[in-house]
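Novice: Have a look at the structure that comes next, please.
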Amino acid sequence: MAKKNFIPLLLLVTALFITYGDSWTFLPKPARNASLTSRKFVVGLWPSWVKPRDLNQKRQRDIDELQTSPTPNR
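Just so you know, we're using the working numbering here: the sequence shown kicks off at 219 and counts up by one.
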């Protein structure tokens with residue numbers, strides 16, 4: 219098997235381990251703790267000042283604005 223075929227497989231296994239490794243009971247306790255620590259590290263890389271946008275809040279503002287604005291004469 220070519221080396222380039224191992225890279226996506228390795229990335230997939232790593233992502234699965236970081237995501238679900240602490241819930242896999244067949245792993246020894248140190249491996250489950252490593253999974254949890256790795257997940258906290260990866261999540262910690264995301265800057266705290268970046269917050270997800272609340273699209274529902276913007277939609278609600280637009281709806282309220284449309285409801286309070288006068289209707290055009292037709």
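Glycine is no exception: its CB is placed at the ideal position from the N, C-alpha and C atoms.
Compute the Euclidean distance between the alpha carbons of ILE281 and PHE259, then round it to the nearest angstrom.
Specialist: The residue labelled residue 281 in the question sits at position 63 within the sequence shown. The residue labelled residue 259 in the question sits at position 41 within the sequence shown. Cα to Cα, the separation comes out at about 40 Å.
Novice: Relative to the C-alpha of SER241, which residue among VAL231, SER253, ALA233 is closest?
Specialist: One-based indexing of the sequence shown puts residue 241 at position 23. When each option's Cα is compared against that of SER241, the closest is SER253.
Novice: Which residue marks the beginning of the alpha helix (DSSP H) containing SER256, and which one marks its end?
Specialist: Numbered from 1 along the sequence shown, position 38 holds the residue referred to as residue 256. 247–262 is the extent of the alpha helix (DSSP H) around SER256.
Novice: Pick helix, strand or coil for PRO265, following the three-state DSSP scheme.
Specialist: Sequence index remark: in the sequence shown, residue 265 carries index 47 (1-based). In this structure, PRO265 counts as coil in the three-state DSSP scheme.
Novice: Given a cut-off of 7 Å, decide if SER256 and ILE236 are closer than it, judged by their beta-carbon atoms.
Specialist: In the sequence shown, residue 236 corresponds to position 18, counting from 1. In the sequence shown, residue 256 corresponds to position 38, counting from 1. It is a contact, given that the beta carbons lie within the stated cut-off.
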